[in-house]
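*Asks:*
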DNA sequence: AATGAATGATACCCAAATGGTATCATTCAT
DNA sequence: ATGAATGATACCATTTGGGTATCATTCATT
Ligand code: FES
Ligand code: FES
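Chains as they are written, first to last, in our numbering: chain F, -5 to 125; chain A, -5 to 125.
1. Rounded to whole angstroms, how far is the Cβ of residue 70(F) from the Cβ of residue 119(F), which I believe are closer than 8 Å?
2. When you check each C-beta in the region 47 to 75 of chain F against every C-beta of chain A, which residues fall closer than 8 Å?
3. Is the CB-CB distance between residue 61(A) and residue 8(A) below 8 Å?
4. Can you find a CB in chain A that lies within less than 8 Å of the CB of residue 90(F)?
5. So if DSSP puts residue 59(F) in a beta bridge, which residue, or which two residues, is it bridged to?
6. How far does the alpha helix (DSSP H) with residue 74(F) in it reach, from first residue to last?
7. Please list, in chain order, the chain F residues whose beta carbon lies closer than 7 Å to that of residue 119(A).
8. When you compare the CB positions of residue 4(F) and residue 29(F), do they come within less than 8 Å of one another, or not?
9. If you follow the alpha helix (DSSP H) that residue 64(F) is in, where does it begin and where does it stop?
10. Tell me which residues share the same chain as residue 10(A) and place their Cβ nearer than 7 Å to its Cβ, disregarding the 5 neighbours each side in the sequence.
11. Would you say residue 123(A) reaches chain F, if we count a Cβ-Cβ gap shorter than 8 Å as a contact?
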C-alpha cells in the first residue's frame, strides 16, 4: 500500500524547489541535484507536469520550467490524479469481476468513500504548505 | 492507487462465505465456485490465512478450512496487513532515498498519519459486517 | 494396509506496472 | 551558426502481482 509513486515524489520536490526560489525559469540541470534524480527522468516528469498545466516551459537557451499556478493552489491530490492515474478500488468493482454477493455487498461503497476521503486529505496539502 | 489486492479480495469472499454457513470444515473445492477463483490460487490464499491464524485447517478426507476467530473480530485492516504487507509510504521515507529538504519536510508525517487513518477505517470493518 | 480426499510447502512462470534511459526533433538567446 | 534548453517518443530493465504445477503429508474410509 504505497500512497505516492516516484513520479509524484520527485514532482513534489521539484515544485517545492521552484516555489522557494521563485525564478523566471529553472532548467532541469538546475534541479536534478537537489531533487536527487537523474536528469532525463526528471525531465520526463517535468514534461508531464507541463502537459497537465502545473508548470509552463520555455525552450532554448536560458529556458526552463516555472510554476504556472500559485503554489498555494497546487494540491497534492491533483498531482496524484495527473501522475499516477485515477482510482481503481478492488477488482470486484473496477474490473467487472463480480463476486457472488455483489448486489448485497457492503464493501464496495465503503471502499469508495474511504478512497474519497483519502483524496480529500491529499487535496488539503498544497505545494506552499510543503515549501 | 488500489486499496485491496486480489488476495485480500478473494480472502474476504471466502471468509464471508465461511461465516455465513458455519460448517466444521469447508474444502477449497466447496468454495472456489462462489468465490469465483481457481482452486489452486484460492488454496494458496487459504494457506496464508491459516499461517496468519485467521482460519484453522484439517487435513485429509473430510477436511478443509474453518474460521479460527469470531467473524465479528476479523478486521479488514488485519487482512490487509497479513496479505499485502505493511506500509511503504513514499520512497523518500521507506527507501532511504532522502530528498534535500528531509529535516524540514512536512510531507512524511502527513502521509504517515493518512495511512494510519486509512488502516483505522479498514479496521472498523469486520467480516461479520460483510456477511 | 490401501485408497483417495484433502491441505502444506515450494518452486516456477507469465504479464503488467513501475522506474529509468536513449534518441532525435524543435526552439531560441547569443 | 552554435549551443543550451525542452518536446516527443521509443525503448529497456526491474519489480510486483497474479497464477500454475508439483510433490509431500495427513487422515477418514474401506
Ligand atoms: S467484493 Fe464483490 S460485490 Fe463486494
Ligand atoms: S519528500 Fe523527502 S523529506 Fe519529505
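We treat Cβ as the ideally placed atom computed from N, Cα and C, and that holds for glycine.
*Replies:* For this structure:
1. 4 Å
2. 74
3. no
4. Any reading at residue 90(F) must be qualified, since the residue scores a pLDDT of 46, below 50, and its modelled position is unreliable; the value itself is stated next. Not closer than 8 Å to any Cβ of chain A, the Cβ of residue 90(F) fails to qualify, so no.
5. 20(F), 51(F)
6. 70 to 78
7. 104
8. yes
9. Segment: none, residue 64(F) is in no alpha helix (DSSP H) and carries neither H nor E.
10. 121, 124, 125
11. yes
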